[in-house]
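S.K.: If you count the sequence shown from 1, you need to add 1 to reach my numbering.
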Amino acid sequence: MTRIDARPFAFELDLAHAALVVIDMQRDFVEPGGFGASLGNDVTRLQAIVPTVRRVLDAWRGAGALVVHTREAHRPDLSDCPPAKRMRGQPALRIGDVGPMGRVLVAGEPGCEIVPVLAPLPGETVIDKPGKGAFHATALDALLRGREVRQLVFMGVTTEVCVQTSMREANDRGYECLLVEDGTDSYFPDFKRAAIDMMCAQGAIVGWAAPSTALLPALEGRP
Ligand code: C5J
């Protein structure tokens, strides 16, 4: 066990039973021309966290612990995309439409891929999820239980949508969750702040949050 200085109180990290979950660091959310931009968002905010996500990812890999990447990805026939999801809002491009990076949020298309600098290594698990939460309609829970994982450390985008939904799903399934505060971001800074505050409130009602500087020494074997 390694004590991580976190809020609302210290998180006791047990790397042997922990997984890093990197949520949806996909070109469609992070690069111009993708789904995030088509909803009118400034994607540069999300690009800014990529170096931090990479640093923690590298340290986690170095520590030899389990890494899981997720992608918000639909089947090419969109059979796993409810019309209520596809038709929501007024995006310039809807899920499944053809944009500058191929069909939006469709598995196998260039925009659906994880940004190259964070690309999964051979052997790392990639979960394609049709919803915002990483547990909905995926094999993630079975995979984690099979590996005796009890703690999840989260990074990725966006804080108040897919990251928060996944953390809440994980918390309800009995996992202890830690969010790396500078390894996540939102198109809306106020939403990021509020989402983290809500999850840590009431004695870590959903989970803990800590900066990467609090986590990295534990991964890199530093005091
Ligand atoms: C969104 C996500 N924001 N990965 N997806 O639609 O947060």
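Virtual Cβ for every residue (Gly too), placed ideally from N, Cα, C.
Please read these numbers as outputs of a predicted model, since none were measured by experiment.
1. According to DSSP, simplified to helix, strand and coil, what is Q165?
2. Does the distance between the C-beta of K86 and the nearest non-hydrogen atom of the ligand C5J fall short of 7 Å?
3. I think A135 touches Q165, with their Cβ atoms under 8 Å apart; what is that distance to the nearest whole Å?
4. With H, G and I counted as helix, E and B as strand and the rest as coil, what does DSSP make of H70?
5. With which residues is R56 paired in a DSSP beta bridge?
6. Would you please verify whether the beta carbon of A11 is less than 8 Å from any beta carbon of chain D?
7. According to DSSP, simplified to helix, strand and coil, what is V116?
8. Is T126 helix, strand or coil by DSSP?
9. Here's the rule: buried if 16 or more other CB atoms are within 10 angstroms of the residue's CB, otherwise exposed. What is V99?
10. At the level of alpha carbons, what is the spacing between F189 and A140?
11. Under 8 Å Cβ to Cβ from A49, same chain only, skipping five residues before and after it: list those, please.
12. Could you say which of W209, F36, C201 and P9 lies nearest to G90 if we only look at CA atoms?
13. Let me check understanding here. Comparing Cα to Cα, which of L216, C201, S213 and N42 lies closest to R8?
14. Any chance the CB of K133 is under 7 Å from a heavy atom of the ligand C5J?
M.R.: Taking the definition as stated:
1. Translated into positions along the sequence shown, residue 165 becomes position 164. DSSP places Q165 in helix when its eight states are reduced to three.
2. Locating residue 86 in the sequence shown gives position 85, where the first residue counts as 1. No, the Cβ of K86 stays beyond 7 Å of every heavy atom of the ligand C5J.
3. Indexing the sequence shown from 1 puts residue 135 at position 134. Indexing the sequence shown from 1 puts residue 165 at position 164. Not quite, the Cβ-Cβ distance comes to about 11 Å (not below 8 Å), so this is no contact.
4. Here the question's residue 70 lines up with position 69 in the sequence shown. Here H70 sits in strand by DSSP.
5. Walking along the sequence shown from the start, residue 56 turns up at place 55. R56 pairs with nothing; no bridge assigned.
6. Given the protein chain composition of this structure (a single chain), no chain D is represented.
7. What you label residue 116 is simply residue 115 of the sequence shown in a count that begins at 1. Three-state result, V116: coil.
8. Taking the sequence shown and counting its residues from 1, the one referred to as residue 126 is at position 125. Strand at T126.
9. Here residue 99 corresponds to residue number 98 of the sequence shown, with the count starting at 1. Answer is exposed; the Cβ neighbour count stays below 16.
10. What you label residue 189 is simply residue 188 of the sequence shown in a count that begins at 1. What you label residue 140 is simply residue 139 of the sequence shown in a count that begins at 1. Their Cα atoms are separated by approximately 30 Å.
11. For the purposes of this step, residue 49 is identified with residue 48 of the sequence shown, where counting begins at 1. Within the same chain, A49 has close Cβ partners D186.
12. To locate residue 90, count along the sequence shown from 1; it is residue 89. It is F36.
13. For the purposes of this step, residue 8 is taken as residue 7 along the sequence shown, with counting starting at 1. For the residues L216, C201, S213 and N42, the minimum Cα distance to R8 belongs to C201.
14. Mapped onto the sequence shown, residue 133 falls at position 132. K133 Cβ: within cutoff of the ligand C5J.
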